[in-house]
Ligand SMILES: [Zn+2]
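Residue numbers (our numbering): 504 to 879.
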């Protein structure tokens, strides 16, 4: 294992933070996996999964079982980890800019195409390796004036040339769920089975350039851009399976869960041929993918105390009561019902909320939203 340290742009004299990446396995096979934990720094389950992964990866490396380089970033967001507001961790938004740490990853497509075009005379198609070289260079050239920009450039540079990218997050209170693109679903299905995902949310671009999409969608977007520029059809495989893995809720931090999650992730890599010893069979699929545009948030119409009626993870019907909002001033009780048939997959962990708070999400089958699909 090789440890690499990536200093970020110092925000002020005398301070410097760094991202640490741990590199396991052979670096020269042309195959690479990138796994990062807790880009939203207050989403702690991923940190513990990474802790278990490093021990298991070291053991696999020692017995020569790794067939690819596995890059593990055990804490992806040292900025967020150190942010405190009135004693609470603020790990989702950068306090300096107000930006969400998992949005606005750079569009590498224009520069990568510029680099690829001179290589594409007389009907030639770019190889996957050539595209990866171009992506690495395009990422390395990104400007990074601020600490946040250097964090984004560093993380993208560690992952954008990988064939599997797993970005470990969690929700407030949630069942395990995944985000990916519809095109990648066949490649993601074994992971959904192994991790017993209850919901898989798919979108062809959710609108705010989260990390996983910055890694996966460059492939179809480069093919489309080259097709336009060359005036002939250029096809590329979906060469990066990038998934945001939502490891349940913020408080679901236990060794037995994290160790099992780490093991399932390694089994997935084995299914992909990236580690020796694939499992002989996979567990059953617990859900079919549903559109991210069909995930419907439920808002509190007034402030009050939340009293849940429906269990987390419940399969619910449209109109089924989910939660009471009790107004302590008026004594009014509002019962909020499910907006669709689907799965109640995520809830707010607070039990007193303000008017307008999104207090839960139901994954329905029909797309009903458009535009920016992710929450702030
Ligand atoms: Zn997150």
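C-beta atoms are modelled at their ideal positions from N, C-alpha and C, and glycine is treated no differently. Just so you know, these numbers come straight off a predicted model, no measurement behind them.
- Taken from the Cβ of residue 850, every heavy atom of ligand 1 lies 8 Å or farther away.
- By the beta-carbon neighbour count (other beta carbons within 10 angstroms, threshold 16), residue 548 is buried.
- Its Cα nearest to that of residue 856, the residue 830 stands out among 876, 830, 878 and 790.
- In the three-state DSSP reduction, residue 642 falls in the helix class (H, G or I).
- Environment of ligand 1, chain-ordered: 543, 546, 605 and 672, taking every residue with Cβ within less than 6 Å of a heavy atom.
- Assignment of alpha helix (DSSP H) within the segment 700 to 763, counting only whole runs of 4 or more residues, yields 714 to 719 and 721 to 733 in chain order.
- For residue 527, the closest alpha carbon among the candidates 871, 870 and 769 is that of 769.
- Shortest Cα-Cα distance from residue 679 to any of 658, 696 and 736 involves 696.
- Taking the C-beta atoms as reference points, residue 848 is found nearer than 9 Å to residue 816.
- Inclusion of residue 619 and residue 609 in the CB contact set at 9 Å is not warranted, their separation being larger than that value.
- Secondary structure at residue 674: strand, using DSSP grouped into helix, strand and coil.
- For residue 590, the number of other beta carbons within 10 angstroms of its own is below 16, and it is reported as exposed.
- Burial check for residue 594: the Cβ neighbour count within 10 Å reaches 16 or more, so the residue is buried.
- For residue 657, the three-state secondary structure derived from DSSP is helix.
- Secondary structure in the segment 582 to 647: the alpha helix (DSSP H) runs of 4 residues or longer, each lying completely within the stretch, are 612 to 619 and 631 to 643 in chain order.
- Inter-segment contact for the segment 560 to 579 and the segment 512 to 528 is present: three or more beta-carbon pairs are separated by less than 8 Å.
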